[in-house]
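**Student:**
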Amino acid sequence: MVATVLLPASRATVTKSGEELFKMALAGLIDVAIDDAIAATPPSKIPEVKAAGEKQQLLAMAKVDTAKKDKAKLEACMSAYKKAGEQVLAAPPAQKFSVMDTGFTEASRPAP
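Sequential numbering of the sequence shown, starting at 3, is according to this note's numbering.
#1: Quick check: the segment 60 to 74 against the segment 85 to 93, are there 3 or more CB pairs under 8 Å?
#2: Should Met3 go down as buried or exposed, given a rule of 16 or more other Cβ atoms within 10 Å for buried?
#3: May I have the straight-line CA-CA distance separating Val66 from Cys79, to the nearest angstrom?
#4: Use the C-beta contact count for Asp33: other C-beta atoms within 10 angstroms, 16 or more gives buried, fewer gives exposed.
#5: Less than 6 Å between C-beta atoms, sequence neighbours within five positions excluded: which residues of the same chain meet that for Gly105?
Below you can see the structure in the form of structure tokens.
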């Protein structure tokens, strides 16, 4: 049997910092592109695509950590990842993994 505890709304409220919310939004954006690439991948290659996706998630979070407290850098980061994600979604199925890996790697690089 599982016990359920109801908490008052005021105690169950979780607050997130701007950077944490940004990371959540960025992770969601990347997840959509990764899922799209996985859906277009032959079963034998799925572990490779998943591993690359996890690596890209880590690189994205590291980039957000370096841009903390700088709104312009955070916006540039989101813009770069959004562009890369859109490219993955628009790519033909056979090219999705390559476009994902290249696009997200480019997005993770420091701005010039």
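Beta carbons are placed, not taken as given, at the ideal position from N, Cα and C, and that holds for glycine.
**Tutor:** In this structure, then:
#1: Look at the beta carbons and you see the segment 60 to 74 not touching the segment 85 to 93: under three pairs across the two are nearer than 8 Å.
#2: Residue confidence is low: Met3 scores 47 on pLDDT, short of 50, so the model does not pin down where it sits. No coordinate-derived value is stated.
#3: The straight-line gap from Cα to Cα measures roughly 7 Å.
#4: Under the 10 Å beta carbon count, Asp33 is surrounded by fewer than 16 other beta carbons and is classified as exposed.
#5: Once the five neighbours on either side are set aside, the close Cβ partners of Gly105 are Ala86 and Gln89.
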